[in-house]
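One structure below.
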Amino acid sequence: MIHKLPELSYDFHELAVFISPKEFQLNYFEIHKWYVENLNKALSKYISYQQYSVADLMMKLKYMPEDLRNDVKKYGGMHFNYSLFWKILTPNSRGPVGTLKNAIRDTYHDFGVFKKEFTNIALDLYASNAWCWLLVQKGNLKIMKTYGHDCPISKDTYPVLCLKLWQVSSLFVKQKQNLEYINEFWNFINWEEAESRYLEGKRQIFI
6 MIHKLPELSY DFHELAVFIS PKEFQLNYFE IHKWYVENLN KALSKYISYQ
56 QYSVADLMMK LKYMPEDLRN DVKKYGGMHF NYSLFWKILT PNSRGPVGTL
106 KNAIRDTYHD FGVFKKEFTN IALDLYASNA WCWLLVQKGN LKIMKTYGHD
156 CPISKDTYPV LCLKLWQVSS LFVKQKQNLE YINEFWNFIN WEEAESRYLE
206 GKRQIFI
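The working numbering numbers the first residue of the sequence shown as 6 and each following residue consecutively.
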């Protein structure tokens, strides 16, 4: 398997209120692409691992030779994280749907409570190279933060959606304050994709 940048279901200009086209292009076509290229380079020496998706690779880190494990954790982790971030964005967000909507209500009692908790955790990560996640962990919803290339997928944890936080405050936000950037995120979440991932996480049996 040759790993590639994920196909986008939107034109990046459609997200301009949230992410400037210039910074989207930089992070998608240059930074994310660099991680993909280096992941493929690392895997080129290990034929037995070339068959796996990036999610499968992250699940198999502990079985890898040390040099490959370090490279896959770094390059594969960022490839996975970026790919999910791009995938759960849409210019046509309609709000939470289906079983995920119900699960958020059951876990947090109200969508506003969930939104506030997620936002507060994301605020703490600002000016860091970090991610804020909504996950299915052991069948339950959980908000989690990670840094750099750390990837939260595991045998009992499945990412539903994520928000990228930036190391430099001017990136992506057109000089906006961090809270405004995070608030814009809620207007661009692909809840249909998040619903699909939630259902997958609920039924996923990890090896």
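Don't be surprised by glycine CBs; every beta carbon is placed ideally from N, CA and C.
If I measure Cβ to Cβ from Q55 and keep anything under 7 angstroms in the same chain, skipping five residues before and after, which residues do I get?
Numbered from 1 along the sequence shown, position 50 holds the residue referred to as residue 55. Residues M6 and L48 of the same chain have their beta carbon placed closer than 7 angstroms to that of Q55, with the five preceding and five following residues left out of the count.
How big is the Cα-Cα spacing for E189 and V22?
The residue given as residue 189 occupies position 184 in the sequence shown. The residue given as residue 22 occupies position 17 in the sequence shown. Rounded to the nearest angstrom, the two C-alpha atoms are 8 angstroms apart.
Given a cut-off of 8 angstroms on the beta-carbon distance, is the pair H8 and N45 in contact?
Along the sequence shown, read from residue 1 onward, the residue named residue 8 stands at position 3. Along the sequence shown, read from residue 1 onward, the residue named residue 45 stands at position 40. A contact, by the Cβ cut-off of 8 angstroms.
First and last residue of the uninterrupted beta strand (DSSP E) at T151:
In the sequence shown, counting from the first residue as 1, residue 151 sits at position 146. N145 to Y152 is the span of the beta strand (DSSP E), which, as asked, contains T151.
Is it buried or exposed, H37, if we count other Cβ atoms within 10 angstroms and call 16 or more buried?
For the purposes of this step, residue 37 is identified with residue 32 of the sequence shown, where counting begins at 1. By the neighbour-count rule (16 or more Cβ atoms within 10 Å), H37 is buried.
Less than 8 angstroms between the beta carbons of L140 and Y113, yes or no?
Counting from 1 along the sequence shown, the entry for residue 140 is found at position 135. Counting from 1 along the sequence shown, the entry for residue 113 is found at position 108. In this structure, Y113 does not lie closer than 8 angstroms to L140 by Cβ.
Excluding the 5 residues flanking R74 on each side, which residues of the same chain have their C-beta closer than 7 angstroms to its C-beta?
Translated into the one-based positions of the sequence shown, residue 74 becomes position 69. L66, listed in sequence order.
Simplified DSSP state of Q142, which is helix, strand or coil:
Working through the sequence shown from its first residue, we reach residue 142 at position 137. It is a strand residue.
When the Cα of Y152 is compared with those of G117, R208 and L170, which residue comes out closest?
For the purposes of this step, residue 152 is taken as residue 147 along the sequence shown, with counting starting at 1. Of G117, R208 and L170, the residue nearest in Cα terms is L170.
Would you mind stating whether A60 and I158 have Cβ atoms separated by less than 8 angstroms?
Here residue 60 is taken as the residue at index 55 of the sequence shown, counted from 1. Here residue 158 is taken as the residue at index 153 of the sequence shown, counted from 1. Yes. Within cutoff.
DSSP three-state call for Y51: helix, strand or coil?
By 1-based counting over the sequence shown, the position of residue 51 is 46. It is coil, neither helix nor strand.
Alpha-carbon to alpha-carbon, R208 and L184:
Position 179 of the sequence shown, counted from the start, is the residue given in the question as residue 184. Position 203 of the sequence shown, counted from the start, is the residue given in the question as residue 208. When rounded, the distance between both Cα atoms is 34 angstroms.
Taking the beta carbon of S53 as the centre, do at least 16 other beta carbons fall within 10 Å, making it buried, or is it exposed?
To locate residue 53, count along the sequence shown from 1; it is residue 48. Only exposed fits S53, as fewer than 16 other CB atoms lie within 10 angstroms of its CB.
On the DSSP bridge list, what partners appear for L170?
To locate residue 170, count along the sequence shown from 1; it is residue 165. Bridge partners of L170 according to DSSP: A135.
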